[in-house]
């Protein structure tokens, strides 16, 4: 989920949220499990407010052009005498240089989630508008947010949210006569759901919203190509060969055991490019079960697709995780262990990027690359059963030097 904010909006948002500084813990809070001199600079950290399970979960992490990073995360509190755990939601706006925090609108109490066995109530999906500090969440079929966000109705799923545009792919079929439909808003105007029959060899598709102009459809095909189409006019804008699928797809695709193809896209921070990742996951690769993936960069002005990483294999699971991300140049970053992050590049291949920056007490729970700068969130869980500070958890965010 996963995008640029215009300059005038940057100024207004910054003025709105910079009214007061919070009294958060100083960045030195992470010095007990970050190792100095290993390329990561601790920016901010917090200890859980109460004694409990101490399980932090951070999936939302972004940065804005005004020099702040933004987080939305939860903290698990162990229930008393075996009662269900509760999860409190937090928002933080953190100065990347100083670690100071500024006040935000917070999170309404009804968005907090309580787990009772397999039951859950409250808001099940929420996030941040990329490259901003705006908070959005789903409530039934509506996408809501702050400040003064117009309620947006999407009948199927959480939307791809930008600052002035929002979209959701409502359906995609890749078996017979592939058909892609999407619904989108642009600057508050609700456009009706539209759809197009697309390339009959399509495996997966993603709809992107540039700052101006029609939505763009990015389509990966079984014939080893990536095509870019104007979604509104159904005309092809660009295409490249992408030798990713055909050599691995069995003749009885898609009925072979556990094959799946995905494409994800997002806008660059400056809004001039669309960066994407295409992958095929299966259990029959020569290297074993995992993902074979490629990345690309699409220049919106010149309508040119530039291939980046081609046919790289990962055995870290079938789907993108919170400890993986790609930058605006199509390079891919992923966690290889609790203390190492690798970087895959088109020329240099797969190599260690950051390692030995964590002591054994911490674990990486989220990595993000914003404006080609690596941001790492690490956590230490509290020890269940202790009534002193050992029962508290800790969350620390660091930025590469």
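Residue numbers (the working numbering): 32 to 432. For glycine and all other residues, C-beta sits at the position ideal for the given N, C-alpha and C.
Check: Taking 8 Å as the limit between beta carbons, can you name the residues of its chain near residue 173, skipping five residues before and five after?; Outcome: 182, 183, 184, 185
Check: Using the three-state DSSP reduction, which class does residue 420 fall into: helix, strand or coil?; Outcome: helix
Check: Out of 337, 104, 301, state which residue places its alpha-carbon closest to the alpha-carbon of residue 97.; Outcome: 301
Check: Using CA atoms only, rank isn't needed, just tell me which of 345, 92, 66, 80 is closest to residue 397.; Outcome: 92
Check: Indicate whether residue 262 and residue 213 have their beta-carbon atoms separated by less than 9 Å.; Outcome: yes
Check: According to DSSP, simplified to helix, strand and coil, what is residue 69?; Outcome: coil
Check: Out of 410, 406, 425, 426, which one is the CA nearest neighbour of residue 128?; Outcome: 406
Check: Run through the region 305-364 for me and flag every whole beta strand (DSSP E) of 3 or more residues, listed as ranges in chain order.; Outcome: 319-330, 335-338, 343-345, 355-357
Check: Hey, how far is the Cα of residue 349 from the Cα of residue 295?; Outcome: 14 Å
Check: Based on Cα-Cα distance, which residue from 244, 99, 234 lies nearest to residue 257?; Outcome: 234
Check: Taking the C-alpha atoms as reference points, what is the distance between residue 193 and residue 239?; Outcome: 10 Å
Check: Measuring straight from C-alpha to C-alpha, what distance separates residue 376 and residue 361?; Outcome: 8 Å
Check: Quick check: what's the CA-CA separation for residue 249 versus residue 67?; Outcome: 42 Å
Check: Could you have a look at residue 33 and say whether DSSP puts it in helix, strand or coil?; Outcome: Low local confidence applies: a pLDDT of 37 at residue 33 is under 50, so the model's placement there is unreliable, with the coordinate-based value given in what follows. In this structure, residue 33 counts as coil in the three-state DSSP scheme.
Check: Output the distance between the C-alpha atoms of residue 169 and residue 338, rounded to the nearest integer angstrom.; Outcome: 35 Å
Check: Measure the C-alpha to C-alpha separation of residue 237 and residue 422 and round it to an integer number of angstroms.; Outcome: 44 Å
Check: Kindly indicate which three-state DSSP category residue 248 falls into: helix, strand or coil?; Outcome: strand
Check: With residue 124 as the anchor, note down where its beta strand (DSSP E) starts and where it stops.; Outcome: 117-126
Check: Our contact map puts residue 370 next to residue 259 with C-beta atoms below 8 Å; I'd like the distance itself, whole angstroms only.; Outcome: Contact flag wrong, Cβ pair sits at about 39 Å.
Check: Please report the straight-line C-alpha distance between residue 306 and residue 344, rounded to a whole angstrom.; Outcome: 19 Å
Check: Which runs of the beta strand (DSSP E), 3 residues or longer, sit entirely within the region 159-188?; Outcome: 166-170, 173-176
Check: Report the option in 402, 363, 394 whose CA atom is closest to the CA atom of residue 384.; Outcome: 363
Check: Once the 5 residues before and after residue 218 are set aside, which same chain residues still bring their CB inside 8 Å of it?; Outcome: 195, 196
Check: Work out the CA separation of residue 162 and residue 352 for me, nearest whole Å.; Outcome: 20 Å
Check: Going by C-alpha distance, which of 426, 432, 430, 431 is nearest residue 80?; Outcome: 426
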